[in-house]
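Read the structure below first, then the notes.
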Ligand SMILES: C[S@@+](CC[C@H](N)C(=O)[O-])C[C@H]1O[C@@H](n2cnc3c(N)ncnc32)[C@H](O)[C@@H]1O
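Residue numbers (my numbering): 17 to 189.
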């Protein structure tokens, strides 16, 4: 789908801004450090602009709440397992190595609270400007990757988001 088609598909009520910037996608994927043996879960997959560019991995599962986008996701990312439902519920039910998410800010805040209970090595999340990751326990390292805004998305996102990497510290035992 091109920028115009993505724009036409987006529903502002769901905060649907689809990430299309190649340079920002590359930064996101570099931070995610996806290995060929990894199971990857993307939550809030939208129209599949992130998932269809995902580096090689053992399995890819994408979750999207909006039923209107499910056919587009199946078309755009035919090798992925496409699930319709709430990311906060499904992220607790699956096992994966890498978690990627660009959800509405209010949902991301709930996801951050859930992170200690989830099974992942690395998570890369788009968040609001003021998300506070200091509430995570010390087993996690948190680093800022880049910011995304405006024409990084179709339609252009009016606000600025941060892409943040959260990794579980590797035990020295
Ligand atoms: C900002 S868009 C990002 C789409 C895509 N990840 C990208 O970056 O292009 C956020 C997406 O999250 C979806 N969404 C909102 N709440 C959700 C939830 N609770 N569970 C799963 N998806 C949700 C929206 O429908 C929307 O498609």
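Yeah, the Cβ is synthetic: ideal placement off N, Cα and C, and Gly gets one too. Given the structure is predicted, the values throughout are model-derived calculations rather than measurements.
Hey, quick one: how far does the beta strand (DSSP E) through residue 21 stretch, first residue to last? Here residue 21 belongs to no beta strand (DSSP E); instead the alpha helix (DSSP H) covers 19 to 25.
Could you give the uninterrupted runs of the beta strand (DSSP E) lying entirely in the segment 55 to 105, keeping only those of 3 residues or more? 55 to 59, 75 to 80, 97 to 100
Mapping the DSSP letters down to three states, classify residue 189 as helix, strand or coil. Low local confidence applies: a pLDDT of 48 at residue 189 is under 50, so the model's placement there is unreliable, with the coordinate-based value given in what follows. Coil at residue 189, not helix or strand.
Between which two residues does the beta strand (DSSP E) holding residue 177 run? 173 to 184
Where residue 118 falls, given that 16 or more other Cβ within 10 Å makes a residue buried: buried
Quick one: measure Cβ to Cβ for residue 110 and residue 98, integer angstroms, because I've assumed they're closer than 8 Å. Their Cβ separation, rounded to whole angstroms, is 13 Å, which puts residue 110 and residue 98 out of contact at 8 Å.
Could you tell me which of 63, 35, 130 sits nearest to residue 100, measuring between CA atoms? 63
Contact between the segment 67 to 84 and the segment 43 to 52 is defined here as three or more beta-carbon pairs at a separation below 8 Å; is this criterion met? yes
Tell me which residue opens and which closes the alpha helix (DSSP H) that residue 150 is part of. Premise fails: residue 150 is in no alpha helix (DSSP H) and is neither H nor E.
Would you mind stating whether residue 178 and residue 145 have Cβ atoms separated by less than 9 Å? yes
So is residue 186 buried or exposed if we call it buried at 16+ other beta carbons inside 10 Å? exposed
Say yes only if the C-beta of residue 45 is nearer than 8 Å to one or more non-hydrogen atoms of ligand 1, and no if none qualify. no
Which same chain residues end up closer than 6 Å to residue 183 when comparing Cβ atoms and leaving out the 5 residues on each side of it in sequence? 138, 157
In chain order, what are the residue ranges of uninterrupted beta strand (DSSP E) at least 3 long that sit wholly in the segment 112 to 172? 114 to 117, 138 to 143, 156 to 166
For the candidate residues 65, 24, 56, 150, whose alpha-carbon lies nearest to that of residue 91? 65
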